[in-house]
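Chains as they are written, first to last, in the numbering used here: chain D, 153 to 420; chain S, 44 to 292.
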């Protein structure tokens, strides 16, 4: 229960971070969204054994975290929380693909091991960047940017309300889990039948609560779009931001930077 | 709009599952008037309030707010005129900070960036929580949340404040602060409450709801002095009207 309520505070904390006031926070959300999308496309477009050429891409998330004054430790903990998904995606690669890809000193690295490591790297890069984007822009800001970029309103609303109601759902779940725990004296375990009933109840309760919240929003003039105070205009800063990073990503994608430096240092 | 802010005429509502909400309720509220809506649990108070902000639509009769019948076409204007403050402030506050939450309704009304900050701060100062503006609402105490919810509605400058159980879950000091605050508002107020002492102090007029109909409507002191009426409606004489327990012995 402790952990559930802590998690709720954590979800809200991303939005608190988005209230910061660095140059990156002030940058138009569309510029950040565009560059991040470009970043993700570049990172995932490498072939599945690639490792070294992904390394230069760490520049972007590191830049976002440093220039946006974001708490790196907090973001990394969030990334680790979803890491098991990436591990499951790639965990069988080393068993399935045993051919030696390259020698690392005395160690023969198999294709499977390389692709597994590559998946983890890509996961780390993309998820860290996406979280940094949310922490710099806020979900409401991202939704507004998506809408003005022409994403259909239905999808934007889904995202907006997912963010709005996830705390509601988590809050209800926390209260129900606590109510159950206080009256079931065998510590910890929950029989499947009880769990099924709790899950059904949770759906109904969250639904009723969501309706109340929605009518409270309507009462204050909500009509499908959360208006933002931060004025969003695309100016010189935005154009420079997009152009610079687009150039950097293109360079990283087309030129093998690690090899270039390797050749440079060994004087070949 | 012939002088009345709220006019209900034979207002009835039956829930989709057949449960009776309210039946044939008629009353009028003038500008500046403070009306308490009292009645036992399930009497129909909240159902009635939800009609005033268009969260429910009558299945019979009509209700109009600021001269406009509460129908779908009039909703923006009706919601502008009637500021609804929900029973549970957690249902109402959802933006990342208190400031953003108060700004939410204003931005929906199209208030420009220039005036926004001043309007938000004015509303926060009115309820005395300007120092909480940067805090996330879900980390506030109940009393602070209630104040933030009130600020979010007062900022929209409604003509009538519609409140559902404003004193529930408040400690005595917070309740007292809320009462002092409400006395300073010159909006019309319609307040559903179980706190009869609160009704006595804030509202000159009281409507008693019993089983979905109006059992009494009149000056608060007069209504609360009818012990048989209160008994019949499963209410009790408010403590402040019971006299001194020591002298009565």
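All residues carry an ideal CB built from backbone N, CA and C; glycine is no exception.
Where residue i falls, given that 16 or more other Cβ within 10 Å makes a residue buried
{"i": "residue 135 of chain S", "result": "buried"}
{"i": "residue 419 of chain D", "result": "exposed"}
{"i": "residue 107 of chain S", "result": "buried"}
{"i": "residue 314 of chain D", "result": "exposed"}
{"i": "residue 356 of chain D", "result": "exposed"}
{"i": "residue 227 of chain S", "result": "exposed"}
{"i": "residue 271 of chain S", "result": "exposed"}
{"i": "residue 376 of chain S", "result": "In the structure displayed, chain S extends from 44 to 292; residue 376 of chain S sits before or after that span and is not available."}
{"i": "residue 258 of chain D", "result": "exposed"}
{"i": "residue 346 of chain D", "result": "exposed"}
{"i": "residue 349 of chain D", "result": "exposed"}
{"i": "residue 182 of chain S", "result": "exposed"}
{"i": "residue 154 of chain S", "result": "buried"}
{"i": "residue 174 of chain D", "result": "exposed"}
{"i": "residue 230 of chain S", "result": "buried"}
{"i": "residue 60 of chain S", "result": "exposed"}
Cutoff 8 Å; reference residue i; Cβ partners in own chain excluding five residues on either side
{"i": "residue 285 of chain D", "result": "184, 185, 188, 216 and 294"}
{"i": "residue 176 of chain D", "result": "184, 216, 219, 220 and 288"}
{"i": "residue 208 of chain D", "result": "404, 409 and 410"}
{"i": "residue 287 of chain S", "result": "none"}
{"i": "residue 246 of chain S", "result": "77, 78, 79, 232, 234 and 263"}
{"i": "residue 247 of chain D", "result": "264"}
Nearest candidate by alpha-carbon position, reference residue i, set the options
{"i": "residue 262 of chain S", "options": "S/56, S/224, S/235 and S/250", "result": "S/250"}
{"i": "residue 185 of chain S", "options": "S/216, S/162 and S/198", "result": "S/216"}
{"i": "residue 205 of chain S", "options": "S/212, S/196, S/213 and S/211", "result": "S/196"}
{"i": "residue 113 of chain S", "options": "S/128, S/93, S/81 and S/171", "result": "S/93"}
{"i": "residue 139 of chain S", "options": "D/388, D/347 and D/291", "result": "D/291"}
{"i": "residue 198 of chain D", "options": "D/348, D/274 and D/391", "result": "D/274"}
{"i": "residue 329 of chain D", "options": "D/345, D/308, D/311 and D/354", "result": "D/354"}
{"i": "residue 127 of chain S", "options": "S/95, S/189, S/259 and S/49", "result": "S/95"}
{"i": "residue 413 of chain D", "options": "D/170, D/398 and D/204", "result": "D/204"}
{"i": "residue 182 of chain D", "options": "D/309, D/397 and D/390", "result": "D/390"}
{"i": "residue 237 of chain S", "options": "S/267, S/229, S/117 and S/231", "result": "S/267"}
{"i": "residue 151 of chain S", "options": "D/376, D/166 and D/327", "result": "D/376"}
{"i": "residue 200 of chain D", "options": "D/387, D/297 and D/263", "result": "D/263"}
{"i": "residue 214 of chain S", "options": "S/60, S/91, S/281 and S/188", "result": "S/188"}
{"i": "residue 146 of chain S", "options": "D/393, D/247, D/369 and D/387", "result": "D/369"}
{"i": "residue 121 of chain S", "options": "S/165, S/62, S/98 and S/223", "result": "S/98"}
{"i": "residue 180 of chain S", "options": "D/342, D/301, D/352 and D/168", "result": "D/168"}
{"i": "residue 117 of chain S", "options": "D/232, D/371, D/307 and D/171", "result": "D/371"}
{"i": "residue 86 of chain S", "options": "S/104, S/75, S/102 and S/63", "result": "S/63"}
{"i": "residue 327 of chain D", "options": "D/310, D/358, D/170 and D/394", "result": "D/358"}
Residues near residue i by beta carbon distance below 7 Å, same chain, minus five either side
{"i": "residue 401 of chain D", "result": "190, 191 and 194"}
{"i": "residue 362 of chain D", "result": "317 and 320"}
{"i": "residue 142 of chain S", "result": "163, 176 and 177"}
{"i": "residue 276 of chain S", "result": "82, 83, 251, 253 and 258"}
{"i": "residue 66 of chain S", "result": "55, 255 and 256"}
{"i": "residue 124 of chain S", "result": "108, 109, 201, 202 and 203"}
{"i": "residue 253 of chain D", "result": "201, 261, 262, 263 and 266"}
{"i": "residue 385 of chain D", "result": "180"}
{"i": "residue 234 of chain D", "result": "279"}
{"i": "residue 244 of chain S", "result": "222"}
Beta-carbon contacts of residue i that lie in its chain and below 6 Å, excluding the five residues immediately before and after
{"i": "residue 242 of chain D", "result": "268 and 271"}
{"i": "residue 405 of chain D", "result": "194"}
{"i": "residue 80 of chain S", "result": "88, 235 and 250"}
{"i": "residue 239 of chain S", "result": "281"}
DSSP bridge partner residues for residue i (one or two, in chain order)
{"i": "residue 253 of chain S", "result": "S/256"}
{"i": "residue 68 of chain S", "result": "S/54"}
{"i": "residue 252 of chain D", "result": "D/262"}
{"i": "residue 120 of chain S", "result": "DSSP, once it has assigned bridges, lists no residue as partnering residue 120 of chain S."}
{"i": "residue 276 of chain D", "result": "Paired residues: none, contrary to the question."}
{"i": "residue 207 of chain S", "result": "S/235"}
{"i": "residue 262 of chain S", "result": "S/248"}
{"i": "residue 125 of chain S", "result": "S/203"}
{"i": "residue 112 of chain S", "result": "S/107"}
{"i": "residue 63 of chain S", "result": "S/57"}
{"i": "residue 77 of chain S", "result": "S/232"}
{"i": "residue 49 of chain S", "result": "S/72 and S/108"}
Selection of the segment 192-203 of chain D by Cβ proximity to chain S, strictly under 9 Å: none
Any residues in the segment 134-162 of chain S with a beta carbon nearer than 7 Å to a beta carbon of chain D? Which ones, in chain order? 134, 135, 137, 139, 140, 146, 147, 148, 150, 151, 152, 156 and 159
Taking beta-carbon pairs under 7 Å, can you tell me which members of the segment 271-293 of chain D lie near chain S? 290
According to a CB-to-CB cut-off of less than 9 Å, which residues of the segment 312-345 of chain D neighbour chain S? 316, 319, 320 and 323
Using a Cβ-Cβ cutoff of 8 Å, what residues of the segment 195-209 of chain S are near chain D? List them in chain order. 195, 196 and 199
For the segment 347-372 of chain D, which residues have a CB atom closer than 8 Å to at least one CB atom of chain S, in sequence order? 361, 364, 365, 367, 368, 369, 370, 371 and 372
Positions along the segment 77-105 of chain S whose CB lies within less than 7 Å of some CB in chain D: 96 and 98
Could you please tell me which residues of the segment 167-184 of chain D, in chain order, have their CB closer than 8 Å to any CB of chain S? So the close ones are 167, 168, 170 and 171.
By the 8 Å beta-carbon criterion, what residues does the segment 181-193 of chain S contribute toward chain D? 181 and 182
Mind listing which residues of the segment 110-123 of chain S have their C-beta closer than 8 Å to chain D's C-betas, in chain order? 118, 119, 122 and 123
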